[in-house]
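Colleague: Per the working numbering: the sequence shown ends with 174, consecutive numbering throughout.
One structure coming up, written as structure tokens, with questions to follow.
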Amino acid sequence: MTRNYVFIFMVFFLIISGFLVQEGYADRGRPYYEETGEVVWDIKTEDKIVALTFDDGPHPKYTAAVLDLLAKYDAKATFFIIGKNAEKYPELVLRSYTEGHELANHTYTHPFKVSIKKLQEELQKTNDTIYSITG
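See below:
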């Protein structure tokens, strides 16, 4: 029997992978992260599914257009939210949430080179921002 998989790419994992190597976590490997539930790599399913993801929003022009199109086709997606953008456009974050889409953390300012501590702060600040908007 052939198994179909839905691959969920964790953008923040790509950002922190270089830091994990420096901190000595890289040798833990995929089984460690799967067992702890820290990263979801894929989901076993018999259905043929496509996972739609959108990064770096919300954006005042594009996010609304994407949401309209998704609603037209009764489709759901994952929106990777940048915290500072969420603070500027909370109505788009709330709309995404209330329409049943998944909201994911894409850091607060989308930095490229930061310390582990700064990255943790970025992720926490975005978590707090998304929670303050959606409850």
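By construction, the Cβ of each residue, glycine as well, lies at the ideal position given by its N, Cα and C atoms.
Predicted model only: the values in this text are computed from it and were never measured.
From 70, 85, 111, 120, pick the residue whose C-alpha is nearest to that of residue 93; which is it?
Modeller: If you number the sequence shown from 1, residue 93 lands on position 54. Taking each of 70, 85, 111, 120 in turn and checking the Cα distance to residue 93, the smallest one comes out for 120.
Colleague: Measure the C-alpha to C-alpha separation of residue 127 and residue 165 and round it to an integer number of angstroms.
Modeller: Your numbering for residue 127 matches position 88 in the sequence shown. Your numbering for residue 165 matches position 126 in the sequence shown. Taking the straight line from one Cα to the other gives about 13 Å.
Colleague: For residue 111 and residue 133, I'd like the C-alpha separation in whole angstroms.
Modeller: Locating residue 111 in the sequence shown gives position 72, counting from the first residue. Locating residue 133 in the sequence shown gives position 94, counting from the first residue. Whole-angstrom Cα-Cα distance: 18 Å.
Colleague: May I ask which residues mark the beginning and end of the beta strand (DSSP E) holding residue 146?
Modeller: In the sequence shown, residue 146 corresponds to position 107, counting from 1. Neither: residue 146 is in no beta strand (DSSP E) and is coded neither H nor E.
Colleague: Return the Cβ separation of residue 161 and residue 173 in integer angstroms, given the expectation that the two are a contact with Cβ distance under 8 Å.
Modeller: Residue numbering aside, residue 161 sits at position 122 when the sequence shown is read from its first letter. Residue numbering aside, residue 173 sits at position 134 when the sequence shown is read from its first letter. Separation of the CB atoms of residue 161 and residue 173 is rounded to 19 Å, and the pair is thereby denied contact status at 8 Å.
Colleague: State the beta-bridge partners of residue 88 as determined by DSSP.
Modeller: In the sequence shown, the residue the question calls residue 88 occupies position 49. Answer is none; residue 88 lacks a bridge partner.
Colleague: Alpha helix (DSSP H) containing residue 172: first to last residue?
Modeller: The residue you call residue 172 lines up with position 133 of the sequence shown. Looking at the DSSP string, the run of the alpha helix (DSSP H) that includes residue 172 is 155 to 173.
Colleague: Is residue 113 helix, strand or coil by DSSP?
Modeller: As a working note, residue 113 is residue 74 in the sequence shown. Correct three-state label for residue 113: coil.
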